[in-house]
Amino acid sequence: MDSHNQFHRDTWVDIDLDAIQYNIQQVAEQVGAEVSIMAVVKGNAYGHGYLQIAKTALRSGASHLAVALLDEALFLRRNGIEAPIVVLGASRAEDAGIAAQQQVQLTVFNVEWIEKASTYISGDDTLFLHLKCDTGMGRIGVKTADEVKKIEKVIYQHASLHLEGIFTHFATADQIDRTYGDEQLARFQQLLEQLEKRPHFVHASNSAGALTREDSLFSLIRFGISMYGLSPSDEIAGILPIKLKPALSFHTTLTHVKKIMPGEKVSYGSTYVADHQEWIGTLPLGYADGWIRKMQGFEVLIDGVKVPIVGRVCMDQCMIRLPQSFPLGTKVTLIGEQKNNKILIDEVARHLETIHYEVACAISSRVPRVYWQGKELISVLNPLK
């Protein structure tokens, strides 16, 4: 398979599926065989691509998949994914029937929702539910013992409903200070004690919790950002018990090279003015690809050398200052490695004053994803084809 036959632009993302497999196997060894792994593939698998990541995660030892939206779960079902899928966010009660029919597990935190949802389930279908507890995140979830007891009672009054899991989410697991996390864990333990029958799956830990809080593993972990080879935060990167391998790299090529004279300007607003003769290269990507205007001034790699982005990033193009003329088609790396020099996604995040989650998710769907195992090209995802 030739990737260039699958798309017709010279900007793409490479995804290393071996890295995904490695990261899952590392966390599996860390948490032990008694703890199942739910691979979090919401948000287009954090920008990596739903299907290939879901398939790789399941082949690598994950037993469940997690998404944020019912539509994401149904997309996976339509494309042949048969593993248990849990929707972590809110869903409409009116959609309970299709969720049950497609064996998609939904999050619940409201008695009225349960009563209404049960009326949409037909025949012998059963809707599997995960009860969300808000122990301090302040988003969705029940907070009191009475709510837990009432929801459990109402669920078991309906033959079409089954309480498959109960969970919470840590707000500060990616921080070294464990104080607030300890408080949340204690609240969760108190809520668990209110159940007459504990569900098969109890889960609290995201990547940060799974890697730094052995006391919060329970029977299932939600493995998200670190499945993609990224530390949950800079703060705990140095104390992680496993080595992670980033799966994503981002590349483009030179489409134009020209020499400009002192005083000549580059891009919208004329914010960059040459102060001597300079070589300027044009790259075929911009903010419509997720490489936003604030990337002006950041560096990219060409021939293993870091060079700056000059002038404002346009919708579909941006410019770099070159140390010399390079042939058209020369590879430029935005995130990744060239000739033993690297640009990490964390560096991009720091430049944008955000987190690497956002950087990965922001790479738009019009950028093809190219999947590799070792040196073998596995597939190409090009939504425009």
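Note that our numbering has the sequence shown beginning at 1279, numbered continuously upward.
Beta carbons: idealized from backbone N, C-alpha and C, even for Gly.
Grouping DSSP H, G and I as helix and E and B as strand, with all else coil, what is residue i?
i, result
"K1333", "helix"
"N1484", "coil"
"Y1550", "strand"
"S1396", "helix"
"L1655", "strand"
"N1301", "helix"
"L1295", "helix"
"V1583", "strand"
"N1619", "strand"
"G1321", "helix"
"A1340", "coil"
"K1521", "coil"
"L1258", "Here the chain has residues from 1279 to 1663 only, and residue 1258 is not among them."
"T1490", "helix"
"L1662", "coil"
"L1348", "helix"
"M1597", "strand"
For the beta strand (DSSP E) that contains residue i, what are its first and last residues?
i, result
"F1528", "1526–1531"
"Q1651", "1647–1651"
"V1313", "Element bounds for V1313: n/a, residue is neither H nor E."
"I1499", "1498–1501"
"I1570", "Looking at the DSSP string, I1570 is not in any beta strand (DSSP E), and its letter there is neither H nor E."
If you draw a straight line from the alpha carbon of residue i to that of residue j, how long is it in whole angstroms?
i, j, result
"H1554", "I1598", "15 Å"
"E1360", "A1368", "22 Å"
"R1476", "R1417", "23 Å"
"D1567", "T1560", "15 Å"
"E1461", "D1455", "12 Å"
"V1551", "V1544", "7 Å"
"Y1546", "P1562", "16 Å"
"Q1383", "N1322", "19 Å"
"L1522", "L1470", "32 Å"
"N1388", "V1420", "8 Å"
"V1645", "T1289", "7 Å"
"V1313", "T1385", "20 Å"
"S1483", "K1584", "38 Å"
"G1541", "K1620", "32 Å"
"P1586", "E1615", "16 Å"
"D1296", "S1511", "23 Å"
"H1529", "T1334", "23 Å"
"H1436", "Q1381", "17 Å"
"I1363", "K1536", "52 Å"
"Q1284", "I1331", "19 Å"
"F1576", "L1630", "9 Å"
"G1443", "L1336", "20 Å"
"T1422", "E1474", "15 Å"
Given a cut-off of 7 Å on the beta-carbon distance, is the pair residue i and residue j in contact?
i, j, result
"I1499", "V1365", "no"
"D1403", "V1648", "no"
"S1527", "I1656", "no"
"G1564", "M1593", "yes"
"H1634", "I1623", "yes"
"S1494", "V1480", "no"
"I1514", "D1581", "no"
"K1609", "T1531", "yes"
"G1459", "F1445", "no"
"K1428", "Q1472", "no"
"R1590", "T1549", "yes"
"A1638", "Y1324", "yes"
"G1502", "V1318", "yes"
"A1374", "I1392", "no"
"G1507", "A1486", "no"
Looking at the secondary structure, which residues open and close the alpha helix (DSSP H) in which residue i lies?
i, result
"R1628", "1623–1630"
"V1637", "1634–1640"
"E1542", "Counting along the chain, E1542 falls outside any alpha helix (DSSP H), and DSSP gives it neither H nor E."
"D1512", "1512–1515"
So, is the C-beta of residue i closer than 7 Å to a C-beta in chain B?
i, result
"Q1379", "No chain B appears in the structure shown, which is made up of a single protein chain."
Exercise for review: Enumerate, from N- to C-terminal direction, the unbroken beta strand (DSSP E) stretches of 3 or more residues contained entirely within the region 1413–1480.
Suggested key: List check, beta strand (DSSP E) in window: 1439–1445.
**Study point:** Whole runs of the beta strand (DSSP E) within the region 1352–1394, excluding any shorter than 3 residues
**Key:** DSSP runs (the beta strand (DSSP E)) wholly in the region 1352–1394: 1363–1365, 1382–1386.
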